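Comments concern the structure below.
Residue numbers (the numbering used here), protein chains in the order written: chain A, 1 to 315; chain B, 1 to 315.
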């Protein structure tokens, strides 16, 4: 249904349209990046598992993450809020406090917005950023690229399980996992290092490793292999959930880490410059566009659990 | 509750923050304008009075109108859609068709967006534009300025009455009024003429003439007088609703015409250059900040109807 728009002649200087983490356009002085994403009560969150402040944090952070996945730096945010009439002013203030925490940390100005009535809480944010040079497009993976990810995976979806269980039995691990779900931390400086050092494609991990890698492979017309034992499963998820944590790391989603593809020497240089773990987890190959294969230590295809990897997807 | 944000130190090059029709920031090559606004089902529209295509038109048009009210030109739009799971694909295609009609007419690229599930239809749009030089701020009215408006007022709210009545008895007038409600036409070229010719303040008429003029007067620390007999009541509203049409023109809202304040010679030059009616309706004066007085032909204060002018506000 977006084909009419995708196929529409462009009137201004669009560099990248619908279909990537963000869109981009050229201004007289630089390339700007724009993105918008929304969180809807009952769909993406409920107030028994997130505070208003968490919600504010996450609504802005996930948009900044999209800018980061393009290798850009966020600059300005605009917020479109839908609120039920009975919403307390203090709740909205908390929401903004959460957004301000992220805004300050990533040098972003919340410079506009509007509030309207709505049957449930809806927070739609648009972020404008600037490209630090080249855009990290999904479609730019090359055969022979290594696939790497920042940080640990599976933490956010394990956190959602902890939150939904209503129990808080495992102490510190549970706290870490809940935070992974409620307060994703966009990889802005890491994205810029990726551009600097010559990574090819990148995407932020919102839908889950396999799904998002599938988007990169599809857009690049290539296949991908993931070595399950190389996937950096979140240590607290491993503690809390044992073997099941691998499935969450592969398909859980909402970790907002960056996945990128690059030559081996580029990955080495990236590792030397960023302040978070970077794990090489597989390879980009010629083959069926979009096909992602998970293999074990012996390189043999790993069967998904009976319910399928997708079953572990959060939200 | 926005004071924390308004008072927050700015990190980037914000020219105009929260509190005007749009925000603005400086890039290396130009001043950009950003705005976001949402339409929510059951709050701003229902599908018995608007088609999906009308909804698409209006959602983009009201954001372009905010750019127009700053004297800017729209460039890029990003769309955040919330849709109930049962929504038909063809409905969404119609929504985009309505947006594309406006986008093409105003040389705007719809270059990004996202779709998520929601309990009711919500369309949040962010538009980025460029300033043609100076920004037409709400706070820039000066004592002695004339107050002028483009086009006719009261058409949109009269149209809403026609649509809500479910009757369609008055033929052409009814059709014109319904269109005024469903398909507001942003005054983009007119806004740019206002900048060129040296108008001081401007605002688009979304909340209603008296409310929006109140915003300008408040922001400028001045008072305003409106001569009721000079207000350009929409001819079709007059036909359909007689005397009541004045109240709709004063308070109905959603006409998305531009109200501006300027010296008399500026107003004359604007009249000579734009292709729509421009009516001088009153004066900006020193006095209680934000106070708006409506006077009759003899300059005597006009009493509002028993229910108050606000009673006539639509939506």
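All C-beta atoms, glycine included, are put in the ideal place defined by N, C-alpha and C. Here the structure is a predicted model, which is why all the values come from computation and not from measurement.
Start and end residues, beta strand (DSSP E) containing residue i
i	result
residue 122(A)	122–131
residue 81(A)	72–83
residue 223(A)	223–227
residue 26(B)	23–26
residue 113(A)	109–117
residue 98(A)	No beta strand (DSSP E) contains residue 98(A), which is instead part of the alpha helix (DSSP H) from 89–105.
residue 204(A)	201–204
Distance between residue j and residue i (C-alpha atoms, nearest Å)
i	j	result
residue 299(A)	residue 285(A)	14 Å
residue 200(B)	residue 262(B)	5 Å
residue 123(B)	residue 39(B)	5 Å
residue 16(B)	residue 149(B)	24 Å
residue 62(A)	residue 21(A)	11 Å
residue 194(A)	residue 270(A)	7 Å
residue 225(A)	residue 110(B)	35 Å
residue 313(A)	residue 251(A)	5 Å
residue 138(B)	residue 86(A)	30 Å
residue 102(A)	residue 276(A)	19 Å
residue 222(B)	residue 243(B)	30 Å
residue 204(B)	residue 289(A)	49 Å
residue 108(B)	residue 10(A)	8 Å
residue 241(B)	residue 41(B)	27 Å
residue 94(B)	residue 206(B)	25 Å
residue 190(B)	residue 104(A)	38 Å
residue 106(B)	residue 35(A)	21 Å
residue 19(A)	residue 161(A)	30 Å
residue 216(B)	residue 135(B)	14 Å
residue 1(A)	residue 56(B)	Low confidence applies to residue 1(A): its pLDDT is 45, below 50, so where it sits in the model is not reliable enough to give any reading.
residue 311(A)	residue 247(A)	9 Å
residue 96(B)	residue 47(B)	16 Å
residue 175(B)	residue 14(B)	43 Å
Chain A within 8 Å of residue i, Cβ atoms only
i	result
residue 212(B)	no
residue 207(B)	no
residue 18(B)	yes
residue 27(B)	yes
residue 204(B)	no
residue 37(B)	yes
residue 200(B)	no
residue 134(B)	no
residue 42(B)	yes
residue 14(B)	yes
CB contact check: residue i to chain B, cutoff 8 Å
i	result
residue 76(A)	yes
residue 67(A)	no
residue 119(A)	yes
residue 122(A)	yes
residue 46(A)	no
residue 128(A)	yes
residue 144(A)	no
residue 82(A)	yes
residue 1(A)	With a pLDDT of only 45 at residue 1(A), under 50, the local geometry of the prediction cannot be trusted, and no value is derived from it.
residue 105(A)	no
residue 310(A)	no
Proximity below 8 Å, CB of residue i to CB of residue j
i	j	result
residue 400(B)	residue 125(B)	There is no way to answer for residue 400(B), as the model of chain B reaches only from 1 to 315.
residue 31(B)	residue 128(A)	no
residue 231(B)	residue 146(B)	no
residue 23(B)	residue 71(B)	no
residue 177(A)	residue 151(A)	no
residue 305(B)	residue 294(B)	no
residue 255(B)	residue 153(B)	yes
residue 183(B)	residue 58(B)	yes
residue 279(A)	residue 69(A)	no
residue 245(A)	residue 233(A)	yes
residue 308(A)	residue 157(A)	no
residue 74(A)	residue 28(B)	no
residue 181(B)	residue 159(B)	yes
residue 83(B)	residue 92(B)	yes
residue 186(B)	residue 64(B)	yes
Start and end residues, alpha helix (DSSP H) containing residue i
i	result
residue 383(A)	This structure cannot speak to residue 383(A), because chain A is shown only from 1 to 315.
residue 212(A)	209–220
residue 63(A)	52–69
residue 237(A)	235–241
residue 165(B)	155–165
residue 282(A)	First-last for residue 282(A): 278–285, but that is the beta strand (DSSP E), not the alpha helix (DSSP H).
residue 173(A)	172–182
Proximity test, Cβ basis, 8 Å: residue i and chain E
i	result
residue 298(B)	Chain labels in this structure do not include chain E; the protein chains are A and B.
Does the stretch 208–227 of chain B touch the stretch 111–119 of chain B, meaning 3 or more C-beta pairs lie closer than 8 Å?
-> no
Three-pair Cβ contact test at 8 Å for the stretch 236–249 of chain A versus the stretch 277–294 of chain A | no
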